[in-house]
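Numbering (my numbering), first residue to last: 19 to 305.
Next comes the structure, spelled out in structure tokens:
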């Protein structure tokens, strides 16, 4: 059988804050409704969507959201509005009026600080207590209705190759590159922060290549394309620096690999080598 080209897609992306990576070990498949996990006395984590199968991940940096407290106002029983500051390009801070759906029923909402500036929404319901939600990337992508597209700089690309491990397992075990990014941001506080982008690629049909090799090939093409050096040191010159993997691909008759990488909805991916785009088409020749 002659297969001149292999075509892969990363599939839709899931964004998670590094603080919550331990909660991604949910039963595989589509979750029924919303699962609520209490993080602290005044903060709950709401999980929804599809879980399981996360085998590829990117560590990305992007602007923190700074909320301007005096701009927050309730506009309906389900929505509120706030002006949010972003530093999408170094040294240039812009303000954006954003309309949000509330994650919970609320009587009032105000800004509060989890970090060094207002970066969190505190909701008061009908009762005496409050619930707080950091205005992080996940919150913006889920609840903001007119948020500007958020640039995500790819800093590292990795995989969970073993069939018994998924991306969140590897990231939750003191991941060296993630800890390095977080430590640097802690050492030099700025308007930048780190998030994790998870991917769930599908196996080839028919299965002409083992799934572990598929995962490794997608990773190799992404590293070769985005070149997230210095955190990635291997596969930067794929296929020339990966003869074993290249031979496996050529062994099934393929001479070209195309990988389609999708940014999380509402964002654009870039790196020091690649410009901003919602979708990146990577073409690698093995001839």
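Note that the Cβ used here is the ideal one computed from N, Cα and C, for glycine as well. These figures come from a predicted structure and were not determined experimentally.
Touch test, the segment 231-245 against the segment 71-79, Cβ-Cβ under 8 Å, three pairs minimum: The answer is yes - the segment 71-79 touches the segment 231-245, with three or more Cβ pairs under 8 Å.
Contacting residues, own chain, Cβ-Cβ under 6 Å from residue 24 (five flanking each side not counted): Looking up residue 24 in the chain shown gives position 6. Result list for residue 24: 272 and 275, in chain order.
Exposure of residue 194, with buried meaning 16 or more beta-carbon neighbours within 10 Å: Here residue 194 is taken as the residue at index 176 of the chain shown, counted from 1. By the 10 Å Cβ count, residue 194 comes out exposed.
Own chain partners of residue 307 with C-beta closer than 7 Å, once the 5 adjacent residues on each side are dropped: Shown here, the chain extends from 19 to 305; a query on residue 307 therefore has no answer.
Backbone secondary structure at residue 19 - three-state DSSP: Mapped onto the chain shown, residue 19 falls at position 1. The pLDDT assigned to residue 19 is 48, lower than 50, so where the model puts this residue is not dependable, and the model offers no usable value.
Minimum C-alpha distance to residue 107 - residue among 144, 171, 37 and 165: Locating residue 107 in the chain shown gives position 89, counting from the first residue. For residue 107, the nearest C-alpha among the options comes from 171.
Under the three-state DSSP convention, the category residue 276 falls into: Stepping through the chain shown from its first residue, residue 276 is reached at position 258. In this structure, residue 276 counts as strand in the three-state DSSP scheme.
Residue 239 (DSSP reduced to helix, strand or coil): Taking the first residue of the chain shown as 1, we reach residue 239 at position 221. The answer is helix: DSSP assigns residue 239 an H, G or I state.
Beta carbon of residue 307 nearer than 7 Å to that of residue 116: As shown, the chain starts at 19 and ends at 305. That puts residue 307 outside it, with no answer to give.
Residue(s) in a DSSP beta bridge with residue 210: Position 192 of the chain shown, counting from 1, holds the residue named residue 210. DSSP, once it has assigned bridges, lists 81 as partnering residue 210.
Residue 262 vs residue 216 beta-carbon contact at 7 Å: Start at 1 with the first residue of the chain shown, and residue 262 comes out as number 244. Start at 1 with the first residue of the chain shown, and residue 216 comes out as number 198. Contact flag unset, no.
Straight-line gap, residue 267 to residue 227 (C-alpha atoms, nearest Å): For this step, residue 267 is matched to residue 249 along the chain shown. For this step, residue 227 is matched to residue 209 along the chain shown. Take the alpha-carbon of residue 267 and the one of residue 227: they are about 8 Å apart.
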